[in-house]
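Since the structure comes first, as structure tokens, the remarks are kept for the end.
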Amino acid sequence: MGLSDGEWQLVLNVWGKVEADIPSHGQEVLIRLFKGHPETLEKFDKFKHLKSEDEMKASEDLKKHGATVLTALGGILKKKGHHEAEIKPLAQSHATKHKIPVKYLE
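See the structure below:
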């Protein structure tokens with residue numbers, strides 16, 4: 001069962017607050033991912049040298065990638081459940097190009 005139009009509107013209203021500062025929020029999402037699941041950091045050649053939270057916060061590359069991640073998520077949310085066209089290429093590139101194990105894509 002999907003969300004109603006009203007429920008999607010609530011989601012998108014909250015998302016608007018995230019969009020107001022996508023780079024900072026994206027950086028925070030990645031920092032939380034890496035702190036909560038340290039094994040995921042090894043999947044990112046560009047970031048695996050970042051060992052402390054301070055190093056992560058100082059990384060402009062991490063901030064840029066976080067913005068990329070949340071921009072993609074925003075595009076998916078704005079499809080209101082009709083996001084197959086956005087998800088498939090993301091999953092494909094993460095599985096094949098980036099060699100991310102399937103368990104992280106489920």
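The sequence shown maps to residues 1 to 106 in the UniProt record's numbering.
Glycine residues also receive a C-beta, built at the ideal position from the N, C-alpha and C atoms.
The model shown is predicted, which means the values in this text are computed figures rather than measured ones.
Query raised in the report: Start and end of the alpha helix (DSSP H) containing G81?
Result: For the purposes of this step, residue 81 is taken as residue 81 along the sequence shown, with counting starting at 1. It is not in any alpha helix (DSSP H) - G81 carries neither H nor E in the DSSP assignment.
Query - Whole-angstrom distance between S59 and H65, CA atom to CA atom - result: Position 65 of the sequence shown, counted from the start, is the residue given in the question as residue 65. Position 59 of the sequence shown, counted from the start, is the residue given in the question as residue 59. Their Cα atoms are separated by approximately 10 angstroms.
Query raised in the report: Nearest CA to the CA of S52: which residue from G75, A67, R32 and P101?
Result: Here residue 52 is taken as the residue at index 52 of the sequence shown, counted from 1. That would be R32, whose Cα lies nearest to the Cα of S52.
Query - Spatial distance of F34 from A95 (CA atoms) - result: Mapped onto the sequence shown, residue 34 falls at position 34. Mapped onto the sequence shown, residue 95 falls at position 95. In a straight line, the C-alpha of F34 is about 19 angstroms away from that of A95.
Report task. Count the other C-beta atoms from every protein chain shown that fall within 10 angstroms of the C-beta of G26, then say buried if there are 16 or more, exposed otherwise. Result -> As a working mapping, residue 26 is identified with position 26 in the sequence shown. G26 is buried by the Cβ-count criterion.
Query raised in the report: Which full runs of the alpha helix (DSSP H) of 4+ residues lie inside the stretch 51-98, going along the chain?
Result: 53-58, 60-77 and 84-96
Query raised in the report: How about L3 and V11: do their beta carbons lie closer than 8 angstroms?
Result: In the sequence shown, residue 3 corresponds to position 3, counting from 1. In the sequence shown, residue 11 corresponds to position 11, counting from 1. Contact: yes.
**Report entry** Neighbourhood of V18 by C-beta, 6 angstroms cutoff - its chain only, sequence neighbours within 5 removed
**Finding:** In the sequence shown, the residue the question calls residue 18 occupies position 18. Hits under 6 angstroms: H25.
**Report entry** Residue span of the alpha helix (DSSP H) that contains H25, given as start and end
**Finding:** Start at 1 with the first residue of the sequence shown, and residue 25 comes out as number 25. H25 -> alpha helix (DSSP H) spans I22 to G36.
Query raised in the report: With a CB to CB cut of under 8 angstroms and the five nearest residues on each side skipped, what residues in its chain are close to Q9?
Result: Within the sequence shown, residue 9 is the residue found at index 9, counting from 1. There are no such residues.
**Report entry** Exposed unless 16 or more other CB atoms sit within 10 angstroms - verdict on residue 107
**Finding:** Given that the chain is displayed from residue 1 to residue 106, the structure contains no residue 107 and the question cannot be resolved.
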